[in-house]
Each structure stands twice: as structure tokens, then as C-alpha cells.
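Okay, so here's the structure we're looking at.
Residue numbers (the working numbering): 50 to 510.
This is the structure:
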């Protein structure tokens, strides 16, 4: 997108958080810290994760990475991680454009295909959730998450990963209407107009799984998740920020805010139950900040940290589509992407809800006789540890499934992309011993063949 000016970078733009101690939450000073200062011993400096957060990417990966490289040159510091809250548009070739829910005038190849083909490699580890403008066929190959290109990781319909000791949760899609919300996943290439529109909708079963992240003690004094990433905003988040400033930039939002319809209702419930320290979203193409406080169940207990919410704009001239944050991490934290053992145990516990169905999926409640609480026990987590031999590093096992874009390709001569068995999903489900939804979709009868031979297998012949 020519003509876009990259934002200038200064240390003032960093949201540097001072780590707090249990002894003195106001100052971060503990008695041991004071003793160190009194004895003139050197105090170990706090280590920070340098995190970049984007708004809607809309396939502008060259622009985003170039902007971050410019920031790095000006600051002399490297970013450790980039988080993209949806509308990432991982378009591999022109055929994928048939599987993207958006008006025809916006169906452009953009620049992600360079990273898929291997022409370029993402310079910063990038993780993202899906929005309402995605390569839905490609995303459906990786329902539990996986690499869409080297160093670029999709979080699936819902998941939790770990990086540098931080637990990062993700929920893909947008909330549209209750009927779609209650349905199972069933959409696949070749999509009808109806199924393509529904493929991008959040499902209750995914929110149900994420709610199992709350602590088993029900004490509500911890923050079970450090970061949550969604595409649309939690319903009611505007109550916790400068809503008048929002109306100044987006006056069309006022009727929705007044009617309490701006945002995702299940996401706000998820926020109150998981209480992440940070919540990143996009979708509305504007900057909005908020802070949601959380109450302790008993006045004698410490209050959980509030949730800091941030939404950013899309890549446009003069828009703020990126922000840098410094987040405190442990001195010995490893900068590698890992599975979260508790989340994997939740996936195993809720595997019976994995169905290819357009019908509503019954999710049990506390009033029923069957199990309704799927928060994993220590024994269930130990099973996962044994299955993975206590190795939770996410393998770098990306392989091309669809053919990469070629310079001679055009929109007119490229047919709709087929659907593929993705080996990442196969390996993950086999290792965890859960249902393989990618395989289940491939088995659905269809009048028109829709499953293709993966590119990596063709190249091996």
C-alpha cells in the first residue's frame, strides 16, 4: 500500500509496566529489596518482553514488518513477539480469495503469500487469531492452531499457548447471532455464500473450553491468563474507557453503545472469568483503551489485577495500527512458543464435543447429572505431560498444502482452492489422542470433490 508513512518511534510510546511484589503492591518494594539497597548490593534489573501489537493486518505483512524494523533501528532494541488480533488474511494464492468473506473489491492477494512461498521469512515471531476476513479454507486446516508460514502461528478456533512464561489465549472469529453461536463447526470448501459467512462466526463450544481456564479453587484471586486475543471487542468494554473520545472519532458507534450491541457478549463473560492482564482486539478500525477492574470474592483476599484492553486501527496513512509494549517476564524465561499443558488437558476433556454438525452442540451445565466442569485435575494434566514426554515446545513443522502463488497466476485463471489434510493437525491430534477435525471434514460426502493432494506430497514424488 504505497504512500503509508511509518509511525515514528520513541520510548514514550512504550507502555512500560513496573513489576509489583506481593509484599508491597503499591511500590513493588519488598523487605528483601530494601535490604539489598541498604547493603549497597546491586539490584537485579527487571527483564521485559518487547511485544508489538497490531490492529487488523489485512494482509499488509510487508508494511507491518517494515514499520517494526524501522522502530527497531530507532530504538536499538529488537521485538520478541508480534500479536495480530484478526483479519490477518493468510492468502496463499488467488484461489484462497474465493474462501474469504469480503466484498469483491477488497479481495486482493496482498503480501502474506511471500511468507508462505518462502520468498520471505517473518523477521519476528508472529501469532494471530482469525477475524471476519480470512482465508477460511486454510484456517479450517488448522482448527487447533498451527504454522501458516515459517515463524507465523495461527491460534486456531481457540487455544492457549505459552511464550516467555506468559499464557496467551486466543479466540477466532466474530459474534454474529445466537443461532450461529450455538452451532457446531461444519463449513468447508467449496463454500456456499451461507456457509462462508458462518465460517467466521465464534462458537459457544470454543468459549466453553476457554472458560475452563479459571482456577479450580474458584478463589478468583489469580489472573489465569496473561494475555487474551480476540478480533471483536467484548460487549460493554466501552464502559471502561473514554467513550466520548471514541464517539469523536467514530460517531456512528454511539447508537450501538447506547443500545448495548457494540461487541461480543460471550467475550465479556470470558473476560470476567479468566481475568487476563491484557486483552488485545481489533475489528472496529480505531484506537480504544480501557481498564476493567476485578473484585476479590472476599475483602480479606487480594484483588486480582485489572484487565488492560487495547484495540488499534488498520494500516492506513496517519493511523495508529501498531503499538509497542514492555511486559515484565521472569529472568530465566525462554523465548520459545510452547503448548500450554492445562489447555491440552482441556482439549482432551472436551473432545466429545468435537462434531461436524450444523446443529447446536449441547454443553452441560451445573444442573445436570453428567460432568459439566472440565477444568483439568492434576492427574489429567499429568496424562498430557506423559503423552508429550513433558516436551511442550511447539514443533516447527510447517509444510505447504496449497500450491504457492506464481508470478504468472491471475485471478481469472486460478480456480477455487481445494481443502487439504494438514500434517500439523494430524500430528497434533495423534500425539494428544483427540479427534482430528481436519480429517473429519475431509470425510464429509460432497457432490464436487473438494479435497486435494497437499503440495508438499506432490513435491516429494
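Using N, Cα and C, we set each Cβ at its ideal position, and we do this for glycine too.
On a predicted model such as this, the values are computed, not experimentally measured, just so you know.
- Sixteen is the threshold: since fewer than 16 other Cβ atoms of the shown chains lie within 10 Å of the Cβ of residue 298, the residue is exposed.
- Of the other Cβ atoms in all chains shown, fewer than 16 fall within 10 Å of the Cβ of residue 428; this residue is therefore exposed.
- The C-beta of residue 281 has 16 or more other C-beta atoms within 10 Å across all chains shown, which makes the residue buried.
- Taken through DSSP and simplified to helix, strand or coil, residue 356 comes out as strand.
- With a minimum length of 3 residues, the unbroken runs of beta strand (DSSP E) contained wholly in the region 189-251 fall at 195-198, 201-203, 207-212 and 215-220.
- With respect to the C-alpha of residue 406, the residue from 292, 287 and 232 having the closest C-alpha is 232.
- With distances taken between CA atoms, residue 468 lies nearest to 449 out of 482, 476 and 449.
- Under DSSP, residue 418 takes part in no beta bridge, so it has no partner.
- Residue 170 places its beta carbon 9 Å or farther from that of residue 217.
- Between the C-alpha atoms of residue 98 and residue 379 there is a straight-line separation of about 9 Å.
- Using a C-beta cut-off of 8 Å, the region 124-143 makes contact with the region 438-458, since at least three inter-stretch Cβ pairs fall below that distance.
- Excluding the 5 residues flanking it on each side, residue 419 has same chain C-beta neighbours closer than 8 Å at 413, in chain order.
- DSSP places residue 139 outside both helix and strand once states are collapsed to three, so it counts as coil.
- For residue 478, the enclosing alpha helix (DSSP H) starts and ends at 472-481.
- Taking 3 residues as the shortest admissible run, the region 297-330 contains the following complete beta strand (DSSP E) segments, listed from N- to C-terminal end: 327-330.
- Within the model, the alpha-carbon separation for residue 463 versus residue 187 is close to 16 Å.
- Residue 476 and residue 446 do touch by the CB rule: their CB atoms are close to 7 Å apart, below 8 Å.
- DSSP places residue 394 in the helix class (H, G or I) of the three-state scheme.
- In the three-state reduction of the DSSP assignment, residue 173 falls in the coil class.
- Contact annotation: residue 102 and residue 374 have beta-carbon atoms nearer than 9 Å.
- Note that the C-beta distance between residue 394 and residue 444 is not below 9 Å.
- Minimum Cα-Cα distance from residue 465 among the listed residues 163, 185, 129 and 167 corresponds to 185.
- For residue 487 and residue 500, the gap between their C-alpha atoms comes out near 11 Å.
- Under the DSSP assignment, residue 337 falls in the beta strand (DSSP E) whose first and last residues are 337-341.
- Bounds of any beta strand (DSSP E) do not take in residue 122; it lies within the alpha helix (DSSP H) bounded by 110-124.
- DSSP places residue 491 in the uninterrupted alpha helix (DSSP H) bounded by 486-491.
- Considering only 197, 159 and 152, the residue with the shortest C-alpha distance to residue 472 is 197.
- Contact between residue 358 and residue 104 does not hold, since the beta-carbon distance rounds to 13 Å and is not under 8 Å.
- According to the DSSP secondary-structure assignment, residue 292 is paired through a beta bridge with no residue.
- Contact annotation: the region 203-218 does not touch the region 109-121, with fewer than three C-beta pairs closer than 8 Å.
- In the three-state reduction of the DSSP assignment, residue 500 falls in the strand class.
- Of the residues 291, 397, 301 and 278, the one whose Cα lies closest to the Cα of residue 317 is 278.
- Assignment of residue 410 by DSSP, reduced to helix, strand and coil, places it in the coil class.
- About 6 Å separates the beta carbons of residue 149 and residue 182, which is inside the 8 Å limit, making them a contact pair.
- Across the structure, residue 302 and residue 238 are spaced so that their CA atoms are roughly 34 Å apart.
- Looking from the CA of residue 362, the closest CA among 385, 331, 411 and 383 belongs to 331.
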